[in-house]
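For reference, the structure discussed in these notes is given below.
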Amino acid sequence: AAHAQTQPGKELKQVSKMVRVKAYELRSKTSKELLKELDDMKAELAQLRVAKVSGGAASKLAKIKVVRKSIARILTVYNQKQKAEARKQYKGKKYQPLDLRPKKTRAIRRALKVEQKFMKTPKQKTKASNFPMR
């Protein structure tokens with residue numbers, strides 16, 4: 419009986435290794451390849467959920483978590499690529515979309531910039547030059 423319990427565990431490790439996607443491997447792929455892989459993973463997840471309902475093997479039930487995490491990884495890499503592309507597109511432009519601007523805090527965003535803060539009026543400039551500190 420003990421031998422029968424170890425077998426599914428071994429099988430599970432092999433299955434999870436096949437499915438598991440690494441983020442660094444995903445980054446080298448194009449957006450189209452990522453979307454294709456995402457569709458494959460979603461289809462596989464649907465099959466696993468059917469197997470769960472119809473009382474599938476324990477290895478398939480354990481695989482659901484792995485596939486879900488893989489989908490999350492693919493989506494994360496895809497969204498990072500999209501954002502990087504958008505940043506590249508708006509680089510050097512006067513205005514940027516709100517989600518590409520630095521977040522900081524509302525107060526910091528509203529505050530005067532450093533050069534604005536230290537600007538002087540013409541009158542202040544003449545007064546400073548005519549009456550310097552001793």
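Sequential numbering from 419 applies to the sequence shown in my numbering.
Just so it is clear, CB atoms sit at the ideal spot from N, CA and C, and this is done for glycine as well.
Query                                                                                                           : Result
DSSP three-state assignment for Lys545, whether helix, strand or coil                                           : helix
Nearest-angstrom beta carbon gap, Glu462 and Val485 [assumed within contact, 8 Å]                               : 6 Å
Other residues of its chain near Ala546: CB distance less than 8 Å, five sequence neighbours each side excluded : Lys538
Cβ neighbour criterion (16 or more within 10 Å) applied to Ser488                                               : buried
Among Ala475, Ala504, Arg491 and Ala476, the one whose alpha carbon lies nearest that of Asp517                 : Ala504
7 Å Cβ cutoff met for Ile595 and Glu455                                                                         : Nothing about residue 595 can be read from this structure; the chain reaches only from 419 to 552.
Assigned exposure category for Val495 - 16 Cβ within 10 Å defines buried                                        : buried
Rounded straight-line distance, which links the Cα of Gln542 to that of Gln498                                  : 49 Å
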